[in-house]
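Residue numbers (this note's numbering), protein chains in the order written: chain A, 5 to 238; chain B, 5 to 238; chain C, 5 to 238; chain D, 5 to 238.
What follows is a short report on a single structure.
There are 4 protein chains.
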Amino acid sequence: MTQYYLYGERRALPAGPSYEVYLDPATTAVVSIDMHDGHLSESPDCPCPAPRGRAIVKPLDAFNDAARAIGVRLVHVRSSLRPSGADDVGGIPSAWRLGFGEFVGGIPNVDQHAIEGTPWTRFSIRIAPGDEVVDSKKRLSAFYPTDLDFLLRQMGVATIVLTGVMTDCCILNTAFDASNRNYRVIVIRDLVAGTNEELEEAALKIMSLNTGLVMDAKDLLGAWRERQSGVAAA
Amino acid sequence: MTQYYLYGERRALPAGPSYEVYLDPATTAVVSIDMHDGHLSESPDCPCPAPRGRAIVKPLDAFNDAARAIGVRLVHVRSSLRPSGADDVGGIPSAWRLGFGEFVGGIPNVDQHAIEGTPWTRFSIRIAPGDEVVDSKKRLSAFYPTDLDFLLRQMGVATIVLTGVMTDCCILNTAFDASNRNYRVIVIRDLVAGTNEELEEAALKIMSLNTGLVMDAKDLLGAWRERQSGVAAA
Amino acid sequence: MTQYYLYGERRALPAGPSYEVYLDPATTAVVSIDMHDGHLSESPDCPCPAPRGRAIVKPLDAFNDAARAIGVRLVHVRSSLRPSGADDVGGIPSAWRLGFGEFVGGIPNVDQHAIEGTPWTRFSIRIAPGDEVVDSKKRLSAFYPTDLDFLLRQMGVATIVLTGVMTDCCILNTAFDASNRNYRVIVIRDLVAGTNEELEEAALKIMSLNTGLVMDAKDLLGAWRERQSGVAAA
Amino acid sequence: MTQYYLYGERRALPAGPSYEVYLDPATTAVVSIDMHDGHLSESPDCPCPAPRGRAIVKPLDAFNDAARAIGVRLVHVRSSLRPSGADDVGGIPSAWRLGFGEFVGGIPNVDQHAIEGTPWTRFSIRIAPGDEVVDSKKRLSAFYPTDLDFLLRQMGVATIVLTGVMTDCCILNTAFDASNRNYRVIVIRDLVAGTNEELEEAALKIMSLNTGLVMDAKDLLGAWRERQSGVAAA
């Protein structure tokens with residue numbers, strides 16, 4: 005029986021078409037968010053550290069391989085800011101620079117965050133031939149102002165599976181946006197990471213109530229394999 | 005000294021232009037979200053109850069009057085779904101119907117939620133002449149697929165102040181969207197209400213880190229009055 | 005054999021799946037644009053006269069009935085501006101007020117154009133039960149800032165058929181927008197009307213090259229009926 | 005006296021604030037569209053030839069230099085399609101491939117059009133340090149699905165000046181989109197090129213009525229210089 009999380013509680017996914025429609029590997033894309041060295045490097049110069057995300061790099065590479073083997077498509081979204089600064093600090097700066105910056109007591113190299121042409125935009129996870137990349141994320145959402153929605157429509161995607169960083173900002177915002185645009189959304193509980201445990205748990209609860217399903221990686225892979233092989237879910 | 009909340013802690017707003025730009029009443033609009041009887045009625049038939057929101061109806065009316073007196077503009081956003089069902093249950097249903105419905109154990113009259121022409125779309129707060137209304141909210145965000153962004157641009161608004169329900173879904177999603185679109189965002193801590201205290205607090209923490217300022221109503225009114233009268237903040 | 009127009013020349017629609025996909029009645033919606041009294045009334049007070057559009061009111065009613073009989077869905081888009089003026093003359097005014105106004109030598113009652121609550125927003129064509137209405141058109145396109153795209157996605161529409169006024173502005177702009185968003189677009193040559201014959205013909209040529217098919221009403225109805233009845237196109 | 009074109013007729017720009025607001029160099033950006041080798045190369049392999057555009061390469065370089073000297077900002081928008089084909093021929097293909105392709109009798113190398121990493125995306129005009137580039141144009145409009153609107157907001161741009169190819173598709177569509185989003189739009193009559201003279205003239209007439217001003221390069225430069233030097237227009 006497929007398991008999911010509702011408000012932090014692990015339980016059996018109810019039967020029925022409303023849930024079944026989330027689990028079709030043929031109409032699904034896995035969308036990873038901001039798994040790049042600008043968040044995940046261990047260097048002291050890392051411009052926008054998301055240290056909790058380092059623990060999901062290897063498991064996400066393994067999950068992505070399993071998804072590819074099943075035939076699920078992959079899209080990787082990455083922040084990229086024009087070197088001129090016009091996208092952010094040279095115009096109306098991102099709000100997180102104020103609030104998050106104040107919270108963590110300042111980030112030394114933050115002005116290098118996501119700048120095109122720096123090493124900080126390198127992917128920390130493996131990108132395979134056949135994967136698609138969306139390179140124009142500028143703010144928290146993977147949808148605005150990128151071409152992700154356009155690309156997903158072209159690919160005939162109905163369900164998106166979110167992985168990456170950070171659970172309580174970019175993942176959460178993207179889950180809201182995807183759900184508003186009528187995509188079915190699954191967030192992989194053990195393949196997202198956030199600011200701290202408190203906000204990770206809260207964001208997962210919020211998403212389980214409002215944007216779709218929260219599941220563990222192994223449970224989703226199991227559900228896909230059952231459907232791929234034509235075996236009905238038990 | 006103006007006070008705000010960072011990660012739940014009340015503290016003095018730092019000085020400087022990065023914060024000052026949030027507090028100009030002339031370029032600000034107060035945006036209330038979904039303060040309608042479909043969420044706030046005490047009737048057992050209320051199709052999508054947000055009972056914690058009832059406590060903010062009167063304080064929000066008072067705040068809105070104070071804002072009008074200072075010359076701050078108001079916009080009220082309200083959900084409205086076509087009677088045919090095409091916007092929701094007759095097409096790809098909103099994800100909250102699944103997750104939130106399961107969480108609260110089912111909502112008896114939920115199919116009447118926000119249906120145009122029913123009494124459930126009536127505002128529970130007072131709308132004054134000169135206020136603007138946005139009537140095409142269909143999902144969680146006040147921005148998609150409405151004309152709110154278009155209207156705010158036309159009004160020359162740079163800062164939006166969010167009030168209403170629910171803190172952990174529509175307010176949170178709208179704060180993300182507004183911030184991505186480069187509006188400065190203030191959320192009024194004591195004029196928003198959510199699912200429960202746990203998620204209200206978490207959502208306010210998330211917004212204080214990522215989308216702008218979290219403030220109490222009286223502190224924002226005080227800051228506006230100082231700027232309106234030309235007296236510098238102390 | 006189905007006929008269409010390429011750069012003003014009537015000719016046989018080539019065979020093949022690239023064209024066939026335009027002609028499936030089951031995934032199509034007819035979208036009428038701005039067939040309201042504010043454009044079509046014969047009153048001297050008509051605030052934004054599109055006199056060439058009056059000739060298509062009856063033929064469009066007949067076409068819409070035929071489409072309904074085949075099972076094709078209908079959506080009617082109509083301009084509607086807030087009485088405050090914030091959407092247009094009270095903010096950044098529409099560009100057509102300058103150019104078109106200068107061209108026709110001024111329009112006496114133009115400030116009443118599309119104002120909510122005036123008689124000028126009444127539909128001049130017949131709206132049937134089961135048709136959908138989009139009421140938040142503010143500028144030339146039927147897509148921005150309305151919820152038309154959202155509604156069409158919910159309805160599972162792949163092809164839209166454009167009718168109404170005016171060929172060389174709102175129809176043309178909507179055809180571009182729909183095509184960019186990956187809808188298949190058909191414009192009904194004899195159910196659209198424009199500024200004058202010169203611009204109508206030019207706009208139809210432009211659309212035939214760039215946004216999809218241009219066809220006559222009877223040819224499209226014929227193509228739909230063949231596919232509805234399961235008879236292959238000859 | 006500043007001259008412009010209304011419906012093809014050259015005449016004096018009326019005085020008054022409604023027109024004056026178009027001519028402030030400080031809030032303006034020049035936006036060039038698709039001035040790349042994939043349209044403008046003389047090679048027989050050019051994947052999407054716009055031969056009339058070759059004549060504007062040098063004049064546009066000169067105009068852009070003059071604009072830079074006055075302090076007007078520049079943005080260059082360029083099509084770029086993912087090598088996988090997902091953006092176009094591998095998904096729902098662009099409508100122009102059908103209509104325009106049929107019209108010109110087939111384009112030999114069209115599948116290479118705008119493919120990332122090919123020589124066909126190289127700019128044919130000169131890009132200077134300080135200019136901005138928007139690289140994610142996928143369809144006709146420069147606005148959807150790119151980040152042009154986001155970038156222009158960040159830059160504080162109110163007026164955009166359009167140059168490039170093609171007058172009757174990408175320029176026209178972009179003028180509509182910009183105008184709908186409340187930008188003031190100027191199209192430079194002698195720095196745009198289209199399919200043929202007939203459609204160029206028609207598109208300029210349509211834009212002069214609906215989307216803003218049509219002007220010659222020298223007239224706009226003159227108007228900017230008067231305002232830059234503080235001398236009132238005569």
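In this text, a Cβ means the ideal position worked out from N, Cα and C, and glycines have one as well.
Count the other C-beta atoms from every protein chain shown that fall within 10 angstroms of the C-beta of residue i, then say buried if there are 16 or more, exposed otherwise.
i	result
proline 53 of chain C	buried
glutamate 46 of chain D	exposed
valine 196 of chain A	buried
glutamate 136 of chain D	buried
aspartate 49 of chain B	exposed
aspartate 69 of chain D	exposed
aspartate 115 of chain D	exposed
alanine 73 of chain D	exposed
serine 83 of chain D	buried
methionine 5 of chain D	exposed
valine 189 of chain A	buried
proline 112 of chain C	exposed
proline 123 of chain A	exposed
proline 87 of chain A	exposed
arginine 15 of chain B	exposed
serine 140 of chain C	buried
lysine 142 of chain B	buried
proline 51 of chain A	buried
valine 235 of chain A	Only weak support exists for where valine 235 of chain A lies, its pLDDT of 44 falling under 50; the coordinates are left without a value.
Name the residue from the options whose alpha carbon lies nearest to the alpha carbon of residue i.
i	options	result
leucine 176 of chain C	C:Leu152, C:Ala146, C:Met219, C:Ile119	C:Ala146
valine 77 of chain D	D:Met211, D:Leu195, D:Ala132	The sequence shown places arginine at residue 77 of chain D, rather than the valine named in the question. When each option's Cα is compared against that of arginine 77 of chain D, the closest is D:Ala132.
valine 169 of chain A	A:Val191, A:Arg14, A:Asp69	A:Val191
glycine 160 of chain C	C:Asp41, C:Met219, C:Pro29, C:Ile119	C:Pro29
threonine 171 of chain C	C:Gly103, C:Asn200, C:Ala99, C:Gly12	C:Asn200
tyrosine 148 of chain A	A:Gly57, A:Thr31, A:Ala182, A:Thr167	A:Ala182
asparagine 186 of chain C	C:Tyr26, C:Gln7, C:Leu17, C:Pro21	C:Tyr26
phenylalanine 180 of chain B	B:Leu144, B:Ser98, B:Ala71, B:Gly94	B:Leu144
phenylalanine 127 of chain A	A:Arg58, A:Val218, A:Leu152, A:Gly12	A:Arg58
arginine 229 of chain C	C:Val35, C:Gly75, C:Val81, C:Tyr23	C:Gly75
glycine 12 of chain C	C:Val81, C:Leu217, C:Ala66	C:Leu217
glutamine 158 of chain D	A:Asp220, A:Gly105, A:Val93	A:Val93
arginine 56 of chain D	D:Tyr23, D:Met39, D:Glu120	D:Met39
isoleucine 60 of chain B	B:Thr32, B:Thr167, B:Trp100	B:Thr167
arginine 101 of chain C	D:Val108, D:Leu213, D:Thr32	D:Leu213
Taking residue i as the query, report the chain C residues whose CB atoms sit under 9 angstroms from its CB, ordered along the chain.
i	result
isoleucine 164 of chain B	Here the premise fails: no neighbours, minimum Cβ distance about 15 angstroms.
So residue i contacts chain B; which residues on that side make the cut at Cβ distance below 8 angstroms?
i	result
isoleucine 96 of chain C	Arg157, Gln158
valine 189 of chain A	Ala99
asparagine 68 of chain D	Residues of chain B passing the Cβ test: none, with the nearest at roughly 27 angstroms.
Report the neighbours of residue i on chain C: residues whose CB is nearer than 8 angstroms to its CB, in chain order.
i	result
glutamate 13 of chain B	Within chain C, no residue comes near glutamate 13 of chain B; the closest Cβ sits about 38 angstroms away, beyond 8 angstroms.
Determine the chain B residues that contact residue i at a beta-carbon separation under 7 angstroms, and present them in chain order.
i	result
phenylalanine 107 of chain A	Leu10, Tyr11, Leu213
What does residue i touch in chain D if you count any residue whose Cβ is under 8 angstroms from its own?
i	result
proline 29 of chain A	Per Cβ cutoff of 8 angstroms: no residues; proline 29 of chain A is ~18 angstroms from chain D at best.
So what's residue i in DSSP terms, helix, strand or just coil?
i	result
serine 183 of chain C	helix
glutamate 46 of chain A	coil
aspartate 139 of chain C	strand
leucine 85 of chain C	strand
serine 212 of chain B	helix
alanine 245 of chain A	Outside the shown range of chain A (5 to 238) lies residue 245 of chain A, about which nothing can therefore be said.
aspartate 220 of chain D	coil
threonine 31 of chain B	helix
aspartate 41 of chain C	helix
glycine 105 of chain A	helix
phenylalanine 147 of chain A	coil
Which residues of chain C have a Cβ atom closer than 7 angstroms to the Cβ of residue i, listed in chain order?
i	result
arginine 86 of chain B	Glu136
alanine 90 of chain B	Glu136, Leu155, Gln158, Met159
Counting only Cβ pairs nearer than 7 angstroms, list the residues of chain D close to residue i.
i	result
leucine 102 of chain C	Ser22
What in chain B is Cβ-close to residue i, meaning under 9 angstroms?
i	result
isoleucine 210 of chain A	Asp172, Cys173, Leu176, Thr199, Leu203, Ala206, Ala207, Ile210
Exercise for review: Count the CB pairs spanning the region 162–179 of chain B and the region 207–227 of chain B that are closer than 8 angstroms, and state whether there are at least three.
Suggested key: Verdict: yes, contact present.
Exercise for review: Compile a chain-ordered list of the residues in the region 38–52 of chain D whose CB is closer than 7 angstroms to at least one CB of chain F.
Suggested key: Annotation note: the requested chain F is absent from the structure, which comprises protein chains A, B, C and D.
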